[in-house]
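Engineer: Using this note's numbering, the letters of the sequence shown correspond one by one to residues 325 to 399.
From the three backbone atoms N, C-alpha and C, an ideal C-beta is built for every residue, glycine too.
One structure coming up, written as structure tokens, with questions to follow.
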Amino acid sequence: MPRKRTKKVGVAGKFGPRYGFTLRRRYAEVAEKAAKLYQCPSCGSVKARRVSTAIWQCRRCGTKFAGKAYQPAGS
């Protein structure tokens with residue numbers, strides 16, 4: 325079984341030692357914000373996901389709405 329090597333750095337572990345700690349940490353923060361589920365402004369459930377840059381869609385009611393690039397505008 326392979327070892328898990330990204331316990332501290334999270335999603336930025338794919339970069340390995342490249343690009344410097346500060347940039348990798350900043351990338352990890354942004355990527356985690358984008359992948360997180362947010363509250364839908366229409367139905368109120370925590371099921372809204374990022375579809376593409378600034379476009380979000382609720383997995384419960386199907387509503388598409390625009391927000392910020394990495395998180396909805398209300399967050």
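Assign Arg384 to buried or exposed, taking buried as 16 or more other Cβ atoms, counted over all protein chains shown, within 10 Å of its Cβ.
Structural biologist: Locating residue 384 in the sequence shown gives position 60, where the first residue counts as 1. A residue is called buried when at least 16 other Cβ atoms come within 10 angstroms of its Cβ; Arg384 does not meet this threshold and is exposed.
Engineer: Quick one: what's got a C-beta closer than 6 Å to Ala372's C-beta in the same chain, skipping five residues either side?
Structural biologist: Mapped onto the sequence shown, residue 372 falls at position 48. Answer for Ala372: Tyr362, Cys364, Trp380, Cys382, listed in chain order.
Engineer: For Gly334, which residues in the same chain have their Cβ closer than 6 Å to its Cβ, ignoring the five residues on either side in sequence?
Structural biologist: Here residue 334 refers to the residue found at position 10 when the sequence shown is read from its first residue. The answer, listed in chain order, is Ala352.
Engineer: Looking at C-alpha atoms only, which residue of Lys388, Ala378, Gly386 is the closest neighbour of Ala397?
Structural biologist: Within the sequence shown, the letter at position 73 stands for residue 397. Residue Ala378 is the option with its Cα nearest to Ala397.
Engineer: Leaving out the 5 sequence neighbours to the left and right, which residues in its chain are closer than 8 Å to Val375 when beta-carbon positions are compared?
Structural biologist: Mapped onto the sequence shown, residue 375 falls at position 51. Excluding positions up to five away in sequence, the list reads Gln381, Lys388.
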